[in-house]
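S.K.:
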Amino acid sequence: MVLCLNYGGHLEIADAVKKIVQSGVSPEEITPELNSAKYIRARGAAV
Numbered sequence: 001m002v003l004c005l006n007y008g009g010h011l012e013i014a015d016a017v018k019k020i021v022q023s024g025v026s027p028e029e030i031t032p033e034l035n036s037a038k039y040i041r042a043r044g045a046a047v
């Protein structure tokens, strides 16, 4: 049996953007490097 899933991570992206805005980061400072490390939950991390 083969099972394939496509999970885009939309919830994690939305949560990361909310955290970025709440922390006071300006839109010009938002880069892929900024949100990947500090704001997006790691795989398997508790909410």
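Counting along the sequence shown from 1, when you hit position 28 you're at 28 in the numbering used here, and nothing is skipped either side. Each residue gets a CB set at the ideal place from its N, CA and C atoms; glycine is no exception. All values reported here derive from a predicted model rather than from experimental measurement.
Looking at residue 30: is its Cβ nearer than 8 Å to the Cβ of residue 40?
M.R.: On the sequence shown, residue 30 is found 30 positions in, with the first residue counted as 1. On the sequence shown, residue 40 is found 40 positions in, with the first residue counted as 1. Going by C-beta atoms, residue 30 is not nearer than 8 Å to residue 40.
S.K.: Measuring straight from C-alpha to C-alpha, what distance separates residue 23 and residue 7?
M.R.: Residue mapping note: residue 23 aligns to position 23 of the sequence shown, counting from 1. Residue mapping note: residue 7 aligns to position 7 of the sequence shown, counting from 1. Whole-angstrom Cα-Cα distance: 27 Å.
S.K.: What would DSSP say about residue 25, mapped onto helix, strand or coil?
M.R.: Taking the first residue of the sequence shown as position 1, residue 25 is located at position 25. Coil.
S.K.: In three-state DSSP terms, what is residue 13?
M.R.: Within the sequence shown, numbered from 1, the residue matching residue 13 stands at position 13. Here residue 13 sits in helix by DSSP.
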